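First comes the structure, then the notes that go with it.
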Amino acid sequence: MWQMFRLSKLTDYAVVVLIRLAAESGEASGRVQTAPCIAAATGVPEPTVAKVLKALSVGRLVVSQRGAHGGYRLNRFLDQISIADVIRVLEGPIALTACVEGAHPDCEAACLCPMRGRWDMVNHAIATALSSISLADMARQPMGGTPLGNVLPPQPTQSSSSGYKTRACHEHAVLSVAE
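Taking the UniProt record's numbering, I'd label the letters of the sequence shown as residues 1 to 179.
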């Protein structure tokens with residue numbers, strides 16, 4: 001059976017979450033977004049968004065803010081975060097085979113392997129290509145498509161018993177008179 005070189009869904013979701021953080025909060029602002037808001041806006045299940053945000057926080061791609069007005073924000077601008085950075089945070093080192101760059105030192109066939117060290121140049125080329133593509137590049141207009149900032153759904157609103165609507169996906173809830 002054929003198996004492709006493929007990124008995990010979590011890595012794919014991480015790119016979506018990071019671009020959403022930039023689109024909604026603005027890259028330079030200190031505003032934060034919560035996991036439920038990101039989930040509602042992207043269609044990614046909330047537990048998955050929370051898991052991704054935790055990994056991105058550990059990897060220092062996002063910063064978490066605790067408390068009543070807590071949430072997450074980008075730690076760097078999108079043009080300073082490469083696809084390779086996201087892959088390394090979510091999946092570990094970029095390595096096509098277990099023996100690339102000494103990633104698997106106890107291989108039984110290492111001393112006899114005719115390919116020993118030859119995958120390094122392929123791995124390096126792929127890592128270099130992934131490092132050259134930023135999330136800002138990914139957020140720009142895809143071929144034949146619409147820029148991601150324009151296809152994100154509007155933020156959900158919740159009606160309260162007081163007759164007001166609250167926009168639930170901002171750093172601070174904004175009240176507006178319900179229609």
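Quick reminder that beta carbons are idealized off the backbone N, C-alpha and C, glycines included. Quick caveat: nothing in here was measured; it's all calculated off a predicted structure.
- The beta carbon of leucine 96 sits closer than 8 Å to those of Phe5, Trp119, Val122, Asn123, Ile126, all from its chain and outside the five residues before and after it, given in chain order.
- Positions of the beta strand (DSSP E) runs, each at least 3 residues long and wholly inside the stretch 70-145, are given as 71-74 in order along the chain.
- Within the DSSP bridge table, the entry for valine 63 names Arg73 as partners.
- Under the criterion of beta carbons closer than 8 Å, valine 49 and alanine 35 qualify as touching, at roughly 5 Å.
- The continuous alpha helix (DSSP H) containing leucine 56 extends over residues 46-58.
- Take the alpha-carbon of alanine 139 and the one of alanine 110: they are about 42 Å apart.
- In this structure tyrosine 72 touches valine 32 by the C-beta definition: roughly 6 Å separates them, less than 8 Å.
- Sequence-distant Cβ neighbours of isoleucine 87 in its own chain, meaning closer than 7 Å and more than five residues away, are Leu7, Thr11, Ile94, Leu130.
- Closest in alpha carbon position to aspartate 137, among Thr42, Ser82, Leu56, is Ser82.
- Straight-line measurement puts the Cα of valine 44 at about 23 Å from the Cα of arginine 76.
- Under the DSSP assignment, threonine 42 falls in the alpha helix (DSSP H) whose first and last residues are 35-42.
- Sorting Asp85, Pro114, Gly92 by C-alpha distance to the C-alpha of threonine 128 places Asp85 at the top.
- In this model, proline 47 and cysteine 99 are separated by some 34 Å (Cα to Cα).
- Going by beta carbons, leucine 135 and leucine 56 fall outside the 8 Å limit.
- In this structure, the alpha-carbon of leucine 78 lies about 23 Å from that of arginine 66.
- In the structure shown, arginine 20 adopts helical secondary structure according to DSSP, grouped into three states.
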